[in-house]
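Here the numbering used here is used: position 16 in the sequence shown is 302, and no number is missing along the way.
Quick reminder that beta carbons are idealized off the backbone N, C-alpha and C, glycines included.
To keep things clear, I will list the structure first and then write my remarks on it.
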Amino acid sequence: PINKDLIMAALKDFDGLYEIADNKTRKVLMRSIIKKIELNPDRKTIKSITLWFEEGDTPPPPPSIFFGDVLPVNDERRPLQ
287 PINKDLIMAA
297 LKDFDGLYEI
307 ADNKTRKVLM
317 RSIIKKIELN
327 PDRKTIKSIT
337 LWFEEGDTPP
347 PPPSIFFGDV
357 LPVNDERRPL
367 Q
């Protein structure tokens, strides 16, 4: 099981974790942190980035890639392709 200490350790060394992760895991890591990216009308520059932990204290459920299942699908998250 994933516990608070494991999550804190991963976040403290996020750069190292990201560096050794494969592309699929990198996408899951980024989607676990970033909730929404808004672009400016030119669609070339970022207007804002909303992180999951900025909107209350309810984080998304842990990505199932860490449990060996298929990725979850719901209104807020799209499956990786």
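| Asked | Found |
| --- | --- |
| In three-state DSSP terms, what is K330? | coil |
| Rounding to the nearest angstrom, what Cα-Cα distance links I293 and M316 in this structure? | 14 Å |
| Measuring only the C-alpha atoms, how far is Y304 from K310? | 11 Å |
| Taking the continuous alpha helix (DSSP H) assigned at D291, which residues delimit it? | K290 to K298 |
| Tell me whether the beta-carbon of T331 lies closer than 8 Å to the beta-carbon of K322. | no |
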